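**Student:** The numbering of the sequence shown is this note's numbering, which starts it at 136 and goes up by one. My questions will all concern the structure given below.
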Amino acid sequence: MTEPTIQTTTVQISQDNLPITAYLAKPTAAGSYPGIVVLQEIFGVNVHIRDVTERIAKLGYVAIAPALFQRQAPGFETGYTPKDVEIGRNYAAETTASELLSDIQAAINYLKTLPEVKPDGFGCIGFCFGGHVAYLAATLPDIQATASFYGAGITSRTPGGGKPTITRTSEIKGTIYAFFGQEDASIPPAQVDEIAAEFAKYNISHRLFRYDGSDHGFFCDRRASYNHKAAADAWEQVQKLFSQLA
C-alpha cells in the first residue's frame, strides 16, 4: 500500500495581535479532511512533534502544531537533556490556561479558513505538558475527539494557577482517550484513578489506557523512556478515536 503524500509548511496564525508560529501538515490529494491540533511537550514544536503532525496528515487529516511557548520563547525547540527539561518546565510554568485555550482556538479558526478542512468536528492530541493542555482543550466546543498522553498535574493544578484542570471534566462534550504509563512517577496510579472516577461521574465518552512497564514519555521514540509496544498500541487507539471524525 502506497503511503499518502503530504505537504508541510510553517504558517503564522494570529491571536490577540500575537503572531503564533505553527507547523502544518496536510494531504496533497484533493479532498475534505478533518482538522487535528497537535499539542507539544515542554520541548517545543521539535522533531518529534513535527513527526507526529506528519504521521497524522498521512492518515488523512490536516494537522497543525501551534507553538505553545510563543509568548515566552518564539521559535523554541530543544532535546531531552536534564538542562532541556529545566528550561522547558520554566516556560511551561509561565503559561496560563486562558491563553493556551485561546491559542488553540486560534489554530482551529485557522484550519477553518482552509478549503480542504471540514468546517466542524475537530480533534486534538497532546503529550506531556501538551497532554495536560489537551485535557483543557477537550472543553472547547469545536473539539470532538481528544487524545491526552501522560498529562501530569491534571488532578492538582492548572496552567497559570486556579482550580485543578480536573474540575473542568464536566465541560468535556466529545470523546477523550487518556494514555498513562504505569511506571510514570510524575502521575501516580491514584491520580489516574481520580481521572477515571471523574469521567464516570460525568458520563464522559472516554477510554483510559494504562500501560504496564511504561514510563513518562513512552510514545516518543527519541526519549530513553520510549516503549515500542505501548506506543504501537496507543497509536492504533488514536487512529480509532480520530476515525470518528471522518
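Heads up, the beta-carbon is just placed ideally off N, CA and C, and yes, glycines get one too. Predicted model, so just to flag it, every value in this text is computed and none were measured.
DSSP three-state call for Ala242: helix, strand or coil?
**Tutor:** Reduced to three states, the DSSP call for Ala242 is helix.
**Student:** Looking at C-beta atoms only, is the number of pairs between the region 276–283 and the region 302–317 that lie closer than 8 Å three or more?
**Tutor:** At 8 Å Cβ cutoff, the stretches touch.
**Student:** Ala164 and Val197: beta carbons closer than 9 Å?
**Tutor:** Result no, Cβ atoms of Ala164 and Val197 do not sit closer than 9 Å.
**Student:** Taking Tyr168 and Lys253 to be in contact with their CB atoms under 8 Å, please state how far apart those CB atoms are, rounded to whole angstroms.
**Tutor:** Rounded, the Cβ-Cβ distance is 7 Å, consistent with contact.
**Student:** To which residues of the same chain is Ile155 closer than 8 Å at the C-beta, ignoring the five residues directly before and after it?
**Tutor:** Closer than 8 Å at the Cβ level, and outside the excluded window around Ile155, lie Gln147, Ile148, Ser149, Pro201, Ala202, Gln205, Asp238, Ala241, Ala242.
**Student:** Alpha carbon to alpha carbon, how far is Ala335 from Phe178? Give it in angstroms, no decimals.
**Tutor:** Whole-angstrom Cα-Cα distance: 32 Å.
**Student:** Rounded to whole angstroms, what's the CA-CA distance from Gly309 to Ala269? Just pull it up for me.
**Tutor:** Cα to Cα, Gly309 sits roughly 12 Å from Ala269.
**Student:** Within 10 Å of its beta-carbon, does Pro294 have 16 or more other beta-carbons around it, so buried, or fewer, so exposed?
**Tutor:** Buried, by the Cβ-count rule.
**Student:** Taking Ala369 as part of the beta strand (DSSP E), name the residues at either end of that continuous run.
**Tutor:** Taken as a continuous stretch (DSSP letters only), Ala369 belongs to no beta strand (DSSP E), being part of the alpha helix (DSSP H) at 363–377.
**Student:** By how many angstroms is the C-alpha of Ala208 removed from the C-alpha of Gly258?
**Tutor:** Looking at the two C-alpha atoms, the distance is approximately 26 Å.
**Student:** In angstroms with no decimal places, state the Cα-to-Cα distance between Tyr158 and Ala192.
**Tutor:** Near 12 Å, if we compare the C-alpha coordinates of Ala192 and Tyr158.
**Student:** Please report the residue range of the alpha helix (DSSP H) in which Phe334 lies.
**Tutor:** Counting along the chain, the alpha helix (DSSP H) containing Phe334 begins and ends at 324–336.
**Student:** Check Thr156 in the structure and name its three-state DSSP category.
**Tutor:** DSSP places Thr156 in strand when its eight states are reduced to three.
**Student:** Can you tell me whether DSSP reads Thr145 as helix, strand or coil?
**Tutor:** Correct three-state label for Thr145: strand.
**Student:** Under the DSSP definition of a beta bridge, which residues are partnered with Gly170?
**Tutor:** Looking at the DSSP assignment, Gly170 forms a beta bridge with Val197.
**Student:** For Glu221 and Asp328, I'd like the C-alpha separation in whole angstroms.
**Tutor:** Answer to the nearest angstrom: the Cα atoms are 28 Å apart.
**Student:** I'd like the span of the alpha helix (DSSP H) that includes Ile311, first residue to last.
**Tutor:** Looking at the DSSP string, Ile311 is not in any alpha helix (DSSP H); the run it does join, the beta strand (DSSP E), is 310–316.
**Student:** Give the DSSP-derived three-state secondary structure of Leu343 in the structure shown.
**Tutor:** Note: Leu343 maps to strand in three-state DSSP.
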